[in-house]
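> First residue of the sequence shown: 199, per the numbering used here; consecutive thereafter.
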Amino acid sequence: MSRFLAIGECMVELAQTGPDTYRRGFAGDTFNTAWYARRCLPAAWNVTYATAVGNDATSAEMLRFIEGEGITPAIREIPDRTVGLYMIATDNGERSFSYWRSNSAARMLGEDTDWLAATFAQADMIHVSGITLAILPPDQRVRLCNALRSSPATVSFDTNLRPRLWDNEAEMKRGLTLGASAASIVLPSFDEETALFGDATPEHTVARYREAGAHIIAVKNGASALTLATPEGITEIEAEPVDKVIDSTAAGDSFAARFLAGLAQEEPPEEAARAAMQLAAKVICAPGALVPSIFEGNSK
């Protein structure tokens, strides 16, 4: 059985539904990608989510949720730790985040190299993000990237830049470059790249990640065209029109899921990117990170 694996932190999500009301769920960038990948890949594919949890009731509830969504958990249990929590407030579709994750078990994801090697050994494709790297101590960050580099899988890296999670800008640059060097597919967002690295154009972003070793780079650019770079060349793909953005929380996560699902099934990269942009355009028109209504009536 082919296996898609995402690794990172799944958290308790509190999503704003009104001025003083929030809906509780479970989400997190790489988990969101696993959730959408489960719906974009055929049943013959196994979708696994690798993370660390505590031995408390909330951790157990999260694992039940993951399994209930058709995703196989690959778990490190760390006693005396728990899962993180984040709150999303939205204003005209734009999100702001507040985090509570200092005692999150996922901050120890890179501690056990044997667990990492065993977890990655059976995967055909692995997805990781800049957020996953940001929450780890520097030594664990290096261990995780070394394990990714040593795995037989195709590795995808979504830069997913969150400056508040990094100690400083220099460490953030080093961390993102390290993550990209372990991947053959890199999924950056141009606004983040130009803010951090000073890239003048998406082509500059492409050149930098090609130098890091990536073979396929999809530079997302909001409502502007996506820049897709493959070994065959660079293509611009116009963004899908959207009438009204409700919540952009999982735009990049859902894009990654559909794009990677397409590549995993040997779709041409341009075709996979167009389908991924179409999915992301639907996701941002609904509240919350996970939008099951999009897939109602879909046999996958």
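All C-beta atoms in this analysis are idealised placements derived from N, C-alpha and C, irrespective of residue type, glycine included. Keep in mind it's a predicted model, so treat the numbers as computed, not measured.
Could you spell out the range, first to last residue, of the beta strand (DSSP E) harbouring Ile415?
In the sequence shown, the residue the question calls residue 415 occupies position 217. Per DSSP, Ile415 belongs to the beta strand (DSSP E) from 414-417.
> In or out: Gln338 buried (at least 16 other Cβ within 10 Å) or exposed?
For the purposes of this step, residue 338 is taken as the residue at position 140 of the sequence shown. That one is buried.
> Between Gly252 and Ile276, is the Cβ-Cβ spacing less than 8 Å?
Your numbering for residue 252 matches position 54 in the sequence shown. Your numbering for residue 276 matches position 78 in the sequence shown. Yes.
> Ser446 by DSSP, collapsed to three states: which one?
If you number the sequence shown from 1, residue 446 lands on position 248. In this structure, Ser446 counts as coil in the three-state DSSP scheme.
> Out of curiosity, what's the CA-to-CA distance linking Ser200 and Ala213?
Taking the sequence shown and counting its residues from 1, the one referred to as residue 200 is at position 2. Taking the sequence shown and counting its residues from 1, the one referred to as residue 213 is at position 15. Their Cα atoms are separated by approximately 33 Å.
> Tell me the DSSP secondary structure of Glu438 in three-state form.
As a first step, residue 438 must be located in the sequence shown, where it is residue number 240. Residue state, collapsed to three classes: coil.
> With contact counted as at least three CB pairs below 8 Å, one residue from each stretch, are the segment 313-323 and the segment 278-287 in contact?
Because the criterion of three Cβ pairs below 8 Å is not met, the segment 313-323 and the segment 278-287 do not touch.
> Could you work out which residue in Asp310, Asp227, Cys238, Glu211 is closest to Arg221 when comparing CA atoms only?
Stepping through the sequence shown from its first residue, residue 221 is reached at position 23. It is Glu211 whose Cα lies nearest to the Cα of Arg221.
> Label Asp356 either buried or exposed according to how many other C-beta atoms from any shown protein chain fall within 10 Å of its C-beta, with 16 as the threshold for buried.
Position 158 of the sequence shown holds residue 356. Result: buried.
> Kindly indicate the opening and closing residues of the beta strand (DSSP E) around Ala427.
What you label residue 427 is simply residue 229 of the sequence shown in a count that begins at 1. Counting along the chain, the beta strand (DSSP E) containing Ala427 begins and ends at 424-428.
> Just reading off the beta strand (DSSP E) that Asp289 is part of, what are its end residues?
In the sequence shown, the residue the question calls residue 289 occupies position 91. Looking at the DSSP string, the run of the beta strand (DSSP E) that includes Asp289 is 283-289.
> Where does the unbroken beta strand (DSSP E) through Met323 begin, and where does it stop?
Taking the first residue of the sequence shown as 1, we reach residue 323 at position 125. That run of the beta strand (DSSP E) goes 323-327.
> Just to confirm the assignment: which complete alpha helix (DSSP H) runs, minimum length 4, are found wholly within the segment 202-239?
Whole alpha helix (DSSP H) segments, 4+ residues: 227-238.
> Is Ala484 helix, strand or coil when you go by DSSP?
Here residue 484 corresponds to residue number 286 of the sequence shown, with the count starting at 1. Three-state DSSP puts Ala484 in coil, outside helix and strand.
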